[in-house]
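Asks: Handing you this structure, nothing more for now.
Residue numbers (the working numbering): 18 to 621.
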């Protein structure tokens, strides 16, 4: 195989007990007597056939691809690496296994961001930077020591940092990606967890600013996703270490909580000269908190490339354009484009349905919601925004009939397809069987092109629903909602658990479906980029979270965003090059000017 190609075998997908080794039998080099695709020769369970191994020296490369086509389980990838990858990888897990090229470069007193899809090697990079994994420079059969690694990085921005890792002089605090797993590893209440971590004497301030006080004496088992996220962030930032790694700070948080988290991270870096590395999929928040940005690209599960540091503005703009200028690399066929106003004429469409004033209370006055009557129009995407605990999901359940209002009639006499906030798909069936039971369009050219492909469902069709990750379940749930025949499509937090690429693809799929099917869609979400790309009009919820919520009538996008952001005291501007929304630095000249003019969304 050419030096710029690799072969990857996904051993989780390779199922030799369910095939006849088609890859091995049809391989052209094998048929000439060479041993290109062979059996691994490893011990297996009694009667279990052996999985395969591909010789990269003999393989003909991507120009052949017969084994890829013949494998019935999509377990093989033959990939031509970008010609720009002249150097050895930082690490490769083994032959026919994942390779990582490049590493991010943490800097004292700065926040370094990483932007890229899941499965691209971000966790591998962090393990190397934390000293948990010795990079093998691609020599998995004869791994080098730290001294050889240091020599390989001599003269680069990473030289001093690698030397500190080699000498054991780096300490690390890490916020995990999946905060919902914290109760599995800690048994106690919030106070007990946080007091263990208060090495900087900053816990009281963190508790106040992250609004954790009300749950300090609650069991970790009883916390919501948003509460667990803020507790995990406080526990990490309370430590006194050299290097802080924060893996996704925004899931389950509303926009106000996201901005607060970003400000806390920036303050720790600037005031105490700490080195921060943040992986984040909310582009607006990443733009606000990072000083420099590394873009990660490649083929998830096969290889990943971490670019040299870029300015945050250029890095995000290049990512959105799909073309990395310094690397001369196209990472997406089409750019992501933003509009300064709703691009469709849905705001002038006929009324689909009117709903009256509605009220709903929980318990003995624990929470109350008031909804001002309004109308939902045909062929529009109506965005719904507001803080957590303010009643947005309650409104969705009132519309679908899953809840009965205390006052008002919420029976809309519509067929509604509903994706709930928390996806619990656990039927004992495969993904393809589940989706085909919902729509007779399953497998059609339109369904494959407009729903399955953008939601990246192909590789999980044969998996059981119960075995899917959070992001995979989310994509299946979105597909199920859009596949149903309905008058109204209601999606509650479709961006949750999706990486940035999946989020963009899901947004495009929802928007295209609304336009091509003349569908009416309601979307509840905290991601400003997603809402900016999707919504024609906006419905704003405000009030006091967990106490009282109020929803106004749907209004034009600009008016709604101004009202919503004014409640948060956050201003956005439009990037001059791409028109994407960018959060203004607090108390900057532009921030103060826009607030004085009442233009929180962006200055006209």
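Glycine is no exception: its CB is placed at the ideal position from the N, C-alpha and C atoms.
1) Please look up how many angstroms separate the CB atoms of residue 115 and residue 318, rounded, as I've assumed it's under 8 Å.
2) Here's the rule I'm using: 16 or more other beta-carbon atoms within 10 Å means buried, otherwise exposed. How should residue 522 be labelled?
3) Keeping to the same chain, check which residues put their C-beta closer than 8 Å to that of residue 234; ignore five residues upstream and five downstream.
4) Restricting to runs no shorter than 3 residues, where is the beta strand (DSSP E) found entirely within the stretch 306 to 333?
5) Excluding five sequence neighbours on each side, which residues of the same chain lie with their C-beta closer than 8 Å to the C-beta of residue 220?
6) Would you give the residue range spanned by the beta strand (DSSP E) that residue 598 belongs to?
7) Quick check on DSSP: helix, strand or coil for residue 407?
8) So residue 22 is in the beta strand (DSSP E); what residue range does that whole segment cover?
9) Does the count of Cβ pairs from the stretch 585 to 599 and the stretch 340 to 355 closer than 8 Å reach three?
10) With 16 as the cutoff for other CB atoms within 10 Å, does residue 162 come out buried or exposed?
11) Excluding the 5 residues preceding and the 5 following residue 455 in the sequence, name in chain order all residues of the same chain whose CB lies nearer than 8 Å to its CB.
12) Should residue 45 be labelled buried (16 or more other beta-carbon atoms within 10 Å of its own) or exposed?
13) Using DSSP's beta-bridge definition, name the partner residues of residue 295.
14) Does the stretch 132 to 141 touch the stretch 168 to 182, meaning 3 or more C-beta pairs lie closer than 8 Å?
15) How would you call residue 607, buried or exposed, if buried means at least 16 neighbouring beta carbons within 10 angstroms?
16) Could you say if the stretch 295 to 315 and the stretch 258 to 267 meet the contact criterion of at least three C-beta pairs nearer than 8 Å?
17) Report buried or exposed for residue 28, applying the criterion of at least 16 other Cβ atoms within 10 angstroms of its Cβ.
18) Between 96, 391 and 495, which has its C-alpha nearest residue 569's C-alpha?
19) In whole angstroms, what is the alpha-carbon distance linking residue 572 and residue 590?
20) If the criterion is Cβ atoms closer than 7 Å, does the pair residue 423 and residue 377 meet it?
21) Where does the unbroken beta strand (DSSP E) through residue 97 begin, and where does it stop?
22) Between which residues of its own chain and residue 516 is the CB-CB distance below 8 Å, once the five residues before and five after are set aside?
23) Measuring straight from C-alpha to C-alpha, what distance separates residue 237 and residue 230?
24) At which residues does the alpha helix (DSSP H) containing residue 180 begin and terminate?
25) Assuming residue 139 and residue 131 make a contact with CB atoms under 8 Å, what is their CB distance in whole Å?
26) CB residue 320 to CB residue 293, shorter than 7 Å?
27) Which first and last residues belong to the alpha helix (DSSP H) in which residue 548 is found?
28) Give me the Cα-Cα distance between residue 259 and residue 216, rounded to the nearest whole angstrom.
29) Which residue from 270, 290, 73 and 92 puts its Cα closest to that of residue 111?
30) My output table needs one value for residue 41: the three-state DSSP class, helix, strand or coil.
31) Cβ atoms of residue 425 and residue 373: under 7 Å apart, would you say?
32) Grab me the residues of residue 257's own chain with a C-beta within less than 7 Å of its C-beta, minus the 5 sequence neighbours each way, in chain order.
33) Could you tell me the alpha carbon to alpha carbon distance between residue 567 and residue 412, rounded to whole angstroms?
34) Identify the continuous alpha helix (DSSP H) that holds residue 167 and give its terminal residues.
35) Since residue 108 sits in a beta bridge, which residues does DSSP pair it with?
36) Please classify residue 82 as buried or exposed, where buried requires at least 16 other C-beta atoms within 10 Å of its C-beta.
Replies: In short, the structure shows the following:
1) For the purposes of this step, residue 115 is taken as the residue at position 98 of the chain shown. For the purposes of this step, residue 318 is taken as the residue at position 301 of the chain shown. About 6 Å separates the CB atoms of residue 115 and residue 318; that is less than 8 Å, so the two are in contact.
2) On the chain shown, position 505 is the one that residue 522 refers to. That one is buried.
3) In the chain shown, counting from the first residue as 1, residue 234 sits at position 217. Exclusion of the five residues before and after residue 234 leaves 206, 207 and 208 as the residues of its chain whose Cβ lies within less than 8 Å of its Cβ.
4) With a minimum length of 3 residues, the continuous beta strand (DSSP E) runs that stay inside the stretch 306 to 333 are 309 to 316 and 320 to 323.
5) Taking the first residue of the chain shown as position 1, residue 220 is located at position 203. So the qualifying residues of the chain are 211, 212, 214, 251 and 255.
6) Here residue 598 refers to the residue found at position 581 when the chain shown is read from its first residue. Residues 598 to 600.
7) The count along the chain shown starts at 1 and reaches residue 407 at position 390. DSSP, reduced to helix, strand and coil, places residue 407 outside both helices and strands of the structure shown, so it counts as coil.
8) For this step, residue 22 is matched to residue 5 along the chain shown. Start and end: 22 to 26.
9) Yes: at least three Cβ pairs fall under 8 Å.
10) The residue given as residue 162 occupies position 145 in the chain shown. With fewer than 16 neighbouring CB atoms inside 10 Å of its own CB, residue 162 falls in the exposed class.
11) Sequence index remark: in the chain shown, residue 455 carries index 438 (1-based). Close CB contacts of residue 455 within its chain, under the 8 Å cut and outside five residues either way in sequence, are with 497, 500 and 501 (chain order).
12) Working through the chain shown from its first residue, we reach residue 45 at position 28. With fewer than 16 other CB atoms across the displayed protein chains lying within 10 angstroms of its CB, residue 45 is exposed.
13) Along the chain shown, read from residue 1 onward, the residue named residue 295 stands at position 278. DSSP output for residue 295 lists 130 and 263 as bridge partner(s).
14) When C-beta atoms of the stretch 168 to 182 are compared with those of the stretch 132 to 141, fewer than three pairs fall below 8 Å, so the two segments do not count as touching.
15) Along the chain shown, one-based indexing puts residue 607 at 590. When all chains shown are included, residue 607 counts as exposed.
16) Contact between the stretch 295 to 315 and the stretch 258 to 267 is present, because at least three Cβ pairs lie under 8 Å.
17) Within the chain shown, residue 28 is the residue found at index 11, counting from 1. That one is exposed.
18) To locate residue 569, count along the chain shown from 1; it is residue 552. It is 391 whose Cα lies nearest to the Cα of residue 569.
19) On the chain shown, position 555 is the one that residue 572 refers to. On the chain shown, position 573 is the one that residue 590 refers to. For residue 572 and residue 590, the distance between alpha carbons rounds to 20 Å.
20) What you label residue 423 is simply residue 406 of the chain shown in a count that begins at 1. What you label residue 377 is simply residue 360 of the chain shown in a count that begins at 1. Cβ distance < 7 Å, so residue 423 and residue 377 count as in contact.
21) For the purposes of this step, residue 97 is identified with residue 80 of the chain shown, where counting begins at 1. Taken as a continuous stretch (DSSP letters only), the beta strand (DSSP E) holding residue 97 covers 93 to 97.
22) Position 499 of the chain shown holds residue 516. Here the set comprises 133, 134, 135, 298 and 488.
23) Position 220 of the chain shown, counted from the first residue, corresponds to residue 237. Position 213 of the chain shown, counted from the first residue, corresponds to residue 230. C-alpha of residue 237 to C-alpha of residue 230: approximately 13 Å in a straight line.
24) Numbered from 1 along the chain shown, position 163 holds the residue referred to as residue 180. It spans 176 to 183 - the alpha helix (DSSP H) in which residue 180 sits, taken as one unbroken run.
25) Translated into positions along the chain shown, residue 139 becomes position 122. Translated into positions along the chain shown, residue 131 becomes position 114. Contact between residue 139 and residue 131 is confirmed by a C-beta separation of about 6 Å, below the 8 Å threshold.
26) What you label residue 320 is simply residue 303 of the chain shown in a count that begins at 1. What you label residue 293 is simply residue 276 of the chain shown in a count that begins at 1. Result no, Cβ atoms of residue 320 and residue 293 do not sit closer than 7 Å.
27) Locating residue 548 in the chain shown gives position 531, counting from the first residue. Looking at the DSSP string, the run of the alpha helix (DSSP H) that includes residue 548 is 545 to 551.
28) Mapped onto the chain shown, residue 259 falls at position 242. Mapped onto the chain shown, residue 216 falls at position 199. Rounded to the nearest whole angstrom, the CA to CA distance from residue 259 to residue 216 is 13 Å.
29) Taking the first residue of the chain shown as 1, we reach residue 111 at position 94. Residue 111 has its Cα closest to that of 73, out of 270, 290, 73 and 92.
30) Residue numbering aside, residue 41 sits at position 24 when the chain shown is read from its first letter. DSSP places residue 41 in helix when its eight states are reduced to three.
31) For this step, residue 373 is matched to residue 356 along the chain shown. For this step, residue 425 is matched to residue 408 along the chain shown. Contact: yes.
32) By 1-based counting over the chain shown, the position of residue 257 is 240. Cβ neighbours of residue 257 beyond the five flanking positions: 216 and 217.
33) Here residue 567 corresponds to residue number 550 of the chain shown, with the count starting at 1. Here residue 412 corresponds to residue number 395 of the chain shown, with the count starting at 1. Taking the CA atoms as reference points, residue 567 sits about 10 Å from residue 412.
34) Stepping through the chain shown from its first residue, residue 167 is reached at position 150. Annotation: the continuous alpha helix (DSSP H) that includes residue 167 extends over 163 to 169.
35) Taking the first residue of the chain shown as 1, we reach residue 108 at position 91. Answer by DSSP bridge pairing, in chain order: 117.
36) Translated into positions along the chain shown, residue 82 becomes position 65. Flag for residue 82 reads exposed.
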